[in-house]
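In UniProt numbering, the protein residues as written are 1 to 785.
Positions of the beta carbon are idealized from the N, C-alpha and C atoms, including for glycine.
Computed from a predicted model, the values in this text were never measured in an experiment.
Each remark here refers to the structure printed beneath this line.
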Amino acid sequence: MVRRMPVIIGCALTALCDATVATVLFGRGNQIYDRFSTATAQFSVLDSTFELWCFGVLRACVLFGLTLAVIRHPVEAITRIKKVEEGAICFPLVMGIYDLVKLLLISDDSARLYDKWFWAQFSWCLMGCCLFHIHYYALGKITLVLDGELFQNDYVRINDGESDTEERKPLLSSTTARQKPTSIDDDDDEDSDDESSEDRSVAEKRATIFRLFSYSKPDISYIMGAFFFLVIAAVGEIFIPYYTGQVVDGIVIDKSKAKFTQAIIYVVVISAGSAIASGLRGGLFTIAMARLNVRIRDLLFSSIVDQEIGFFDSVKTGDITSRLTSDTTVMSDTVTLNLNIFLRSTIQAVGVIVFMAKLSWRMSILSLIVLPLVFGVSKVYGKYYKRLSKQVQNRLAKANEVAEETFTSMRTVRSFANESSEKARYYAHLFRMYKVKKKQAMFYAGYVWTNKLFELMLTASVLYYGGHLVISAKLSGGNLVSFVLYQMQLGECLDSIGNVYTGLMQAAGASQKVFEYMDRTPNILNNGTVAPHCVHGRIEFKDVTFAYPSRNDTPILKNVSFSVAPGEVVALVGPSGSGKTSCINLMEHFYETCTGSVLLDGHPIQSYDHTYLHTKVALVGQEPVLYARSLKDNIRCGLPEEHYGMERVIRAANLANAHHFIMEMKKEYDTQAGEKGLQLSGGQKQRIAIARALIRNPAILLLDEATSALDAESEHVVQQAIYKNLQGKTVIIIAHRLSTVEKADRIIVIEKGQVVEQGSHSELLSRKGLYTKLVKRQLKDTNSS
């Protein structure tokens, strides 16, 4: 509270200063009593400034009252200040508009225009309105900060030192509840917005925009060149309305062919020069936009690829793809495009205002009167329109989730004849979005109607007042035409600048998730350096406990310990979900252990160089994924073609019993596998995956149900390749089929994340433990089938 007092005291002093200065200026120093007597006896808008003094006193009273409320009743003040925020904006705005209107009313009286006291009070009224708005905003921010310190202290003091740990919660929750605005859609509480969190979100988005601009630093030469041509084009377009007015004056007033011909020549030359400059500006900005897009996509893709496997377990592939495609496009295109529009519109707006003031300061003031009203209406409508837009996005996102889920599991949908149900689900989400869209359409219609009404008021006011100035010989007809054209151009510039802010916020929204992925540090850093000349293949699990990051409260392995000797073939068996595949994942260093360690030749698996490790350890998964490439490219995936020619590809295919079916295809090894290998059968995919592992001549081969989709004959041939052609290699097999594991040198039985048995096939059968039960169950199933 003490730290905020200087600002609160400053607000109170400003309120007192506003009333004092307004009184002194109205009383013209020492004539206060006479001026009040005259104003109250016979008030005239054209002769008195009594109402400006009233405005000053009113501002002071309101601001001083708000300051006292913040000090004495902060809990209620925070609610009221946020509730009447729009009214607080309109309060000084109406005063400022009246001040400008008064100036126009007395501008026909030249004597009053030289009255220094009038100008002093006029200027102070405008300044007081600005100060009121600034201090109101400051009080609102202070109350939000004090919500976390002042309110709790007051509550503890009221409760006479009672335990505040439990008592503060109801106070904070009730305060938050009062701050929380009512949702427009009563059917979905998820869409209700917390205004304080919105403020924080806007601040975060602004910081994001600055960071996004920083990625354009390598393109500064293109941007500066584009800015140079932008200035030429914008300045040229500023002069066109002026010379258009000269054309009108030359034809209508001076009736001089030479004058209007010269003005037309200027218009043509300026227009041609602006067109050329605009083309060069657009081209350079487009190049900068493309370079930024490539840079961001590359950084994001690199960051995602470096993430640990657990990241992909918890994040949907569709979400990652969306960030990499649509969000990066929005970031680069929107930022560059809006930078172009903002710079051009700002330069034009400044130049137009200068020319308007030069043509007629009176009409310029008239234009400024209406513009704040347009901005005020836009703010009020924009607040609710933004809330509705967020609801539309949420509805559409849910509909897209249904669509993505349906398309990715189309075979399942078709197999259960579930098309009608999926259509109904998708339409239900679309209909909810449509209901919000109708509300959005109504708000948009109201905004357009109000905006057009103000535009009509401004146009009619300018034409009427401009006509009055032309008739009174204070403005020429050509200058009136130029002013109207400048006014239209200014409206377009301001509208473009307003859209720039919306566009930048859209880019910031897309950037936040992208930057989150780019800044994310992988939980598993592949920064090991161990890379010995050769790997013997000794694997050790020492008291390993492991749980997947996505469900870290459920351990999969519990104090697992076993070892595999170099050149040994070991089979891991056990019921489904017992932790066999988790052992393989740890050997591949896809995850880190919770406790314990996995050793390879005596070194922790995480200490090995990432690339080196995966050239010595090869994995064939239970559901192998092939790429949409040729079969030969799939077999030598990740290996340089110059070192792994067709001879080694064919040798690996023969070892995996894949060469025969490949040669029966029309294009042989050039046959395309299709997306995720869908052009091949399950058994063919697994044999290609085995060949992809064998071509590396690995020291350790991990087979996770690698023969599950093979027929009996193909399985027999692959088993021969495993047991006869891989002498000296360490092989770990996970399989449920008895024929795959019975020839292993050793079988390790895992149940509920623990090693319960290990030994050879005959040894385990003699113990009549879990392995015996598994074998009998499989034999019984085989005989019954």
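So for residue i, helix, strand or coil by DSSP?
i	result
residue 122	helix
residue 249	helix
residue 357	helix
residue 561	strand
residue 46	coil
residue 554	coil
residue 695	coil
residue 529	coil
residue 448	helix
residue 169	Residue placement at residue 169 cannot be trusted, given a pLDDT of 37 that sits under 50; what the coordinates show is reported in the next sentence. In the structure shown, residue 169 sits in a helix (DSSP, three-state: H, G or I).
residue 236	helix
residue 775	helix
residue 576	coil
residue 707	coil
residue 27	coil
residue 769	coil
residue 91	helix
residue 715	helix
residue 274	helix
residue 133	helix
residue 54	helix
residue 267	helix
residue 37	helix
residue 217	helix
Compute the beta-carbon to beta-carbon distance between residue i and residue j, rounded to the nearest angstrom, for a pair I have assumed lies under 8 Å.
i	j	result
residue 99	residue 122	6 Å
residue 22	residue 57	7 Å
residue 625	residue 677	7 Å
residue 538	residue 564	7 Å
residue 731	residue 701	5 Å
residue 370	residue 454	6 Å
residue 399	residue 426	6 Å
residue 331	residue 510	5 Å
Please classify residue i: is it buried, with 16 or more other beta-carbons within 10 angstroms of its beta-carbon, or exposed?
i	result
residue 419	exposed
residue 61	exposed
residue 312	exposed
residue 493	buried
residue 640	exposed
residue 35	buried
residue 125	buried
residue 716	exposed
residue 92	buried
residue 767	exposed
residue 219	buried
residue 130	exposed
residue 147	With a pLDDT of 45 at residue 147, under the threshold of 50, the predicted position of this residue should be treated as unreliable, though the coordinate-derived value follows. Looking at its Cβ environment, which holds 16 or more other Cβ atoms inside 10 Å, residue 147 is buried.
residue 449	exposed
residue 336	buried
residue 698	buried
residue 241	buried
residue 43	exposed
residue 338	buried
residue 340	buried
residue 490	buried
Quickly, what does DSSP pair residue i with across the bridge? List them, please.
i	result
residue 604	599
residue 759	747
residue 330	Answer is none; residue 330 lacks a bridge partner.
residue 571	733, 747
residue 540	563, 599
residue 754	751
residue 700	617, 730
residue 545	595
Looking at the C-beta of residue i, does it have a partner C-beta in chain D at a distance below 9 Å?
i	result
residue 634	Considering every chain present, this structure includes no chain D. It has just one protein chain.
> Where are the alpha helix (DSSP H) runs, 4 residues long or more, that stay fully inside the stretch 462-526, in chain order?
Replying inline: Complete alpha helix (DSSP H) runs here, min 4: 477-519.
>> What ranges does the beta strand (DSSP E) occupy inside the stretch 598-685, keeping only unbroken runs of at least 3 residues that lie completely in it?
In response: Residue ranges of uninterrupted beta strand (DSSP E) with 3 or more members, entirely inside the stretch 598-685 and ordered along the chain, are 617-620.
>> Restricting to runs no shorter than 4 residues, where is the alpha helix (DSSP H) found entirely within the stretch 355-441?
In response: Runs found: 361-408, 410-415.
> Which residue spans inside the stretch 299-352 form an unbroken alpha helix (DSSP H) run of at least 4?
Replying inline: Listed in chain order, they are 309-314, 317-322.
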